[in-house]
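Have a look at the structure below, then the notes.
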Amino acid sequence: MLYASIDDFTNKQVKFKSPSQTIGSIIRGFKSAAAKKINLLLKSPGQPVWQRNYYEHIISDDADYWRIVNYIEMNLEKWEFDRNYKK
677 MLYASIDDFT NKQVKFKSPS QTIGSIIRGF KSAAAKKINL LLKSPGQPVW QRNYYEHIIS
737 DDADYWRIVN YIEMNLEKWE FDRNYKK
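Going by the numbering used here, the sequence shown opens with residue 677, and the numbers climb by one from there.
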């Protein structure tokens with residue numbers, strides 16, 4: 677799974693283990709674990725971290741993979757210009 681890391685803004689591949697092995701359960705587990713860690717670091721227990729849903733897309737080929745990687749990298753580069761960005 678490719679994701680944008682909060683702490684160092686690098687792309688990483690990670691493996692998750694989930695009892696049901698559905699995409700929904702894997703995303704739910706990742707979001708839960710990440711939210712707990714983020715709230716612990718920010719000393720803000722119980723605060724919402726994620727949007728309610730997620731966008732699911734099955735990568736069809738190498739070109740599709742690299743298009744998505746580029747999209748993630750460009751979002752990271754544009755983040756400081758976003759209206760929600762706080763210094």
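Built from N, CA and C at the ideal position, the CB exists for glycine as well.
Grab the span of the alpha helix (DSSP H) containing residue i for me, first residue to last.
i: D738; result: D738 to K754
i: K707; result: I699 to L718
Let me make sure I understand the geometry here. Which of the options has the alpha-carbon closest to that of residue i?
i: S708; options: L717, P724, N746 and K719; result: P724
State the CB to CB distance for the pair residue i and residue j, rounded to an integer number of angstroms; the pair is presumed to be in contact (CB under 8 Å).
i: I703; j: Y730; result: 5 Å
i: A711; j: W726; result: 6 Å
i: I744; j: I735; result: 7 Å
In chain order, what residues of the same chain have a beta carbon less than 6 Å from the beta carbon of residue i, not counting five sequence neighbours either side?
i: N715; result: P721 and Q723
Using C-beta distances below 7 Å, list every residue in its chain close to residue i, excluding the 5 sequence neighbours before and after it, in chain order.
i: I699; result: E732
Within 10 angstroms of its Cβ, does residue i collect 16 or more other Cβ (buried), or is it exposed?
i: E753; result: exposed
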